[in-house]
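Visitor:
Numbering (the working numbering), first residue to last: 3 to 303.
#1: With a threshold of 16 other CB atoms inside 10 Å of the CB of residue 216, please say whether the residue is buried or exposed.
#2: For residue 69, which of helix, strand or coil comes out of DSSP?
#3: Is it buried or exposed, residue 12, if we count other Cβ atoms within 10 angstroms and call 16 or more buried?
#4: Any heavy atom of the ligand HEM closer than 7 Å to the beta-carbon of residue 255?
#5: Excluding five sequence neighbours on each side, which residues of the same chain lie with their C-beta closer than 8 Å to the C-beta of residue 189?
#6: Helix, strand or coil for residue 131, going by three-state DSSP, please let me know.
#7: To the nearest angstrom, how far is it from the Cα of residue 2 to the Cα of residue 127?
#8: Give me the Cα-Cα distance between residue 260 and residue 137, rounded to the nearest whole angstrom.
#9: Does DSSP put residue 251 in a helix, a strand or coil?
#10: Of all the options 77, 70, 232 and 185, which has the alpha carbon lying nearest to the alpha carbon of residue 249?
#11: As a quick exercise: from 211, 24, 263 and 234, pick the residue whose alpha carbon is nearest that of residue 140.
#12: Assuming residue 148 contacts residue 283 (C-beta within less than 8 Å), just tell me the rounded distance between them.
#13: Go to residue 265, then tell me how far its beta strand (DSSP E) extends in each direction, as first and last residue.
#14: By the DSSP assignment, the beta strand (DSSP E) with residue 182 in it spans what residues?
#15: As a quick exercise: from 222, 172, 256 and 78, pick the residue whose alpha carbon is nearest that of residue 324.
#16: Along the chain, where does the beta strand (DSSP E) that runs through residue 165 open and close?
#17: Which residues does DSSP list as the beta-bridge partners of residue 235?
#18: Classify residue 91 as helix, strand or coil using the three-state DSSP reduction.
#19: Excluding five sequence neighbours on each side, which residues of the same chain lie with their C-beta closer than 8 Å to the C-beta of residue 31?
#20: Checking 8 Å against the spacing of the C-beta atoms, do residue 198 and residue 271 come in under that value?
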């Protein structure tokens, strides 16, 4: 499809070239971008150069260290994304069945297999096969995912921090869940029906790295109470935390919603109420596909 982007002079912009630029911006790699858009790397490179000539600006810096977006690229990307979204809306409107189409980029946690999320996304895909789904996790946790939504690199993302931690974004609450204590089977405290934080003094902990929502919320709550703990191990997959607890490496405090079924551990109620918010973040005006998926996620929880 060709879109007229006249600004006093009639010029035509091919949305395929725009898709190449967006793919490179998201992947920061011409090789990965080419795989994403199902074409050759030379085609993507040529397409990016052609669009740069049309715009009269360099969008990417390319050298031995990799690919980086220039300030001009950052400035123009939101408009390019909106052109692609506008095309998807036009095709949806022209379809007598009104089927959603386009691309939907979703930020997910590194461990979601035991949540309802995969089932919701799978059902969405079956009902809207013309929407191309792209799921991404982030090594930096919720903060990095929210920043990707803010920059337009994701359309919607799971988010494990309070709403105040996502300025400029719309935060949609899915659930609120309390933290529980995870103990290895055979631990001297496993017969207790409730534990206070003071009961855990001197214990070593397994947790996610700083930047992950469940870790940051817990750290803030403990710091407010003047509690310092020793982290024995940090693991980026939340589902692996109970596994390490079961080996006796340490204990853990996790939101109840994030505790998968696991042999070798006992969970005990925490006397102090510390809550974790399970949210989704979008921009203030999400697209049709993002809105449709968001409605399903809210209904699931």
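C-beta: ideal position from N, C-alpha, C; glycine also.
Guide: Let me lay it out:
#1: Your numbering for residue 216 matches position 214 in the chain shown. Under this definition residue 216 is a buried residue.
#2: Taking the first residue of the chain shown as position 1, residue 69 is located at position 67. DSSP places residue 69 in strand when its eight states are reduced to three.
#3: Sequence index remark: in the chain shown, residue 12 carries index 10 (1-based). Caution applies to residue 12, whose pLDDT of 35 falls short of 50 and renders its modelled position unreliable; the value that the coordinates give is listed next. Classification for residue 12: exposed.
#4: By its list of ligands, the structure shown contains no ligand whatsoever, and the ligand HEM lies outside what it can speak to.
#5: As a position in the chain shown, residue 189 is number 187, starting the count at 1. 253 and 268, listed in sequence order.
#6: What you label residue 131 is simply residue 129 of the chain shown in a count that begins at 1. In the structure shown, residue 131 sits in coil (DSSP, three-state: anything other than H, G, I, E or B).
#7: One cannot answer for residue 2 here, as it falls past the ends of the chain, which runs 3 to 303.
#8: The sequence position of residue 260 within the chain shown is 258, counting from 1. The sequence position of residue 137 within the chain shown is 135, counting from 1. The alpha-carbon of residue 260 is positioned some 19 Å away from that of residue 137.
#9: The residue labelled residue 251 in the question sits at position 249 within the chain shown. If DSSP states are grouped into helix, strand and coil, residue 251 belongs with coil.
#10: Here residue 249 refers to the residue found at position 247 of the chain shown. Checking every option, the nearest Cα to that of residue 249 belongs to 185.
#11: Within the chain shown, numbered from 1, the residue matching residue 140 stands at position 138. Checking every option, the nearest Cα to that of residue 140 belongs to 211.
#12: Stepping through the chain shown from its first residue, residue 148 is reached at position 146. Stepping through the chain shown from its first residue, residue 283 is reached at position 281. With a Cβ gap of about 5 Å, residue 148 and residue 283 count as contacting.
#13: In the chain shown, the residue the question calls residue 265 occupies position 263. Per DSSP, residue 265 belongs to no beta strand (DSSP E) and is neither H nor E.
#14: By 1-based counting over the chain shown, the position of residue 182 is 180. Segment 172 to 186, the beta strand (DSSP E) holding residue 182.
#15: Past the boundaries of the shown model lies residue 324; the chain is included only from 3 to 303, so the question cannot be answered.
#16: For the purposes of this step, residue 165 is identified with residue 163 of the chain shown, where counting begins at 1. Unbroken run through residue 165: none, as it is neither H nor E.
#17: Counting from 1 along the chain shown, the entry for residue 235 is found at position 233. Answer by DSSP bridge pairing, in chain order: 208.
#18: Taking the chain shown and counting its residues from 1, one reaches residue 91 at position 89. Residue 91: helix per DSSP, three-state reduction.
#19: As a working note, residue 31 is residue 29 in the chain shown. Contacts found: 68 and 69.
#20: Sequence index remark: in the chain shown, residue 198 carries index 196 (1-based). Sequence index remark: in the chain shown, residue 271 carries index 269 (1-based). At a Cβ-Cβ threshold of 8 Å, residue 198 and residue 271 do not count as neighbours.
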